[in-house]
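To keep things clear, I will list the structure first and then write my remarks on it.
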Amino acid sequence: MRTQRLNLRPLDHADAAAMSLLAGDFDVASMTGTIPHPYSETTARAWVDRVGQGEEGVVFAVTRDSRLIGCSGYMPMDADHGELGYWIGKPYWGAGFATEAVRAVVAHAFDTHGFAYLRAGHFVDNPGSQRVLAKLGFTPEGEETRDCVARGEVVPCLTYRLERAQAVSALQHP
1 MRTQRLNLRP LDHADAAAMS LLAGDFDVAS MTGTIPHPYS ETTARAWVDR
51 VGQGEEGVVF AVTRDSRLIG CSGYMPMDAD HGELGYWIGK PYWGAGFATE
101 AVRAVVAHAF DTHGFAYLRA GHFVDNPGSQ RVLAKLGFTP EGEETRDCVA
151 RGEVVPCLTY RLERAQAVSA LQHP
């Protein structure tokens, strides 16, 4: 998939070194539930294998000028909905890349799977993700706690939901 500034493509073992460097940054890993810190290239390669086998849902490498800058994807939870996930490397924060990539992934999820809705969440101390989800029309759903491997603790998380009808409007207005 292509956006104005990005290319979203399948992950490849060649991405493991950049994934280890970018996602392994504590400031990135600590905002995800499952990325450990430190994040070795071997661990990144094993995750790419699981993605390739369909064990991690639908995941795209987010690239700019052929360079990996992050990942975005979704996990089908049942026939009606999927759970969205994404991360962008710290050197690329603040440029709108997360919003641009996630917009494309949301469109893919609705178009490909016919979901009625998508869910997403972010840790309460991650205002950047809150802005991404708000820009894409996600509405607050509640609060829960989720494990954060990098922090080694359970962290409060805000959850959101995007209905298919809301997505059509939000995705047409970048």
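Numbering (full-length UniProt numbering) for the sequence shown: 1 to 174.
Think of the CB as a built atom: it goes at the ideal place given N, C-alpha and C, for glycine as much as any other residue.
- Flag this pair as touching only if the region 89-107 and the region 57-73 have three or more C-beta atom pairs under 8 angstroms; answer yes or no. yes
- Residue burial classification, G142 (beta-carbon count within 10 angstroms, cutoff 16): exposed
- Item | Backbone secondary structure at G70 - three-state DSSP | strand
- Classify P140 as helix, strand or coil using the three-state DSSP reduction. strand
- Should G137 go down as buried or exposed, given a rule of 16 or more other Cβ atoms within 10 Å for buried? buried
- Starting from A95, follow its DSSP beta bridges and name the residues at the other end. A95 pairs with nothing; no bridge assigned.
- Measuring CA to CA, which of D12, P10 and H37 is closest to C148? H37
- Beta-carbon proximity of R50 to E56, cut-off 7 angstroms: yes
- Task: State the start and end residues of the unbroken alpha helix (DSSP H) segment that holds T43.
- Result: E41 to G52
- Message: Looking at the ligand GDP, does it come within less than 6 angstroms of L162, judged from the CB to the closest heavy atom?
- Response: By its list of ligands, the structure shown contains no ligand whatsoever, and the ligand GDP lies outside what it can speak to.
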